[in-house]
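Enquirer:
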Amino acid sequence: MSKILIISGSPSSVSRSGAISTYIRNILKEGGNQVEKLVLRELPAEAMVHAQFNHPEIKKAKKLVEESDALVVVSPIYKASYPLGRRRSGARGCRYGSSWRSRNRGKTNERI
């Protein structure tokens with residue numbers, strides 16, 4: 845039996861990613877695993893913003909991660925948003941399987 849932690853990163857209490865994490869949790873439990881769920885929005889915002897690592901809720905979350913055999917991270921993806929690294933790399937608007945021209949080198953790179 846494995847100890848598995850599902851980390852949910854959705855900012856909403858009702859969301860598709862929340863439903864997906866519940867679905868995954870049920871499947872893992874049916875397989876005989878011990879499954880815990882950590883909902884990031886339930887952690888105290890002030891403790892996270894001010895990096896208060898000694899806060900009891902932050903300590904509890906850290907302990908859950910450390911004691912887990914596996915992690916499953918579920919987070920929403922918003923349309924029309926780009927990860928910061930893609931914005932700065934000039935790869936804005938790339939899609940899986942498309943090619944793009946680097947602004948810095950003028951070379952064409954194929955994405956797999």
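If you count the sequence shown from 1, you need to add 844 to reach the working numbering. Every residue, glycine too, gets a C-beta built ideally from N, C-alpha and C.
Taking DSSP as the reference, what is the three-state secondary structure of residue 923?
Expert: Residue 923 falls in the coil class under three-state DSSP.
Enquirer: Given a threshold of 16 other Cβ atoms within 10 Å of its Cβ, counted over all protein chains shown, does residue 869 qualify as buried or as exposed?
Expert: Residue 869 should be labelled buried.
Enquirer: Please confirm whether residue 852 and residue 893 have their CB atoms less than 8 Å apart.
Expert: Result no, Cβ atoms of residue 852 and residue 893 do not sit closer than 8 Å.
Enquirer: Out of 876, 903 and 916, which has the shortest C-alpha to C-alpha gap to residue 887?
Expert: If we check each option's Cα against that of residue 887, 903 comes out closest.
Enquirer: Does residue 929 come out as helix, strand or coil in the three-state DSSP assignment?
Expert: For residue 929, the predicted structure reports a pLDDT of 48, less than 50, and the residue's modelled location is therefore unreliable. The matter cannot be settled from this model.
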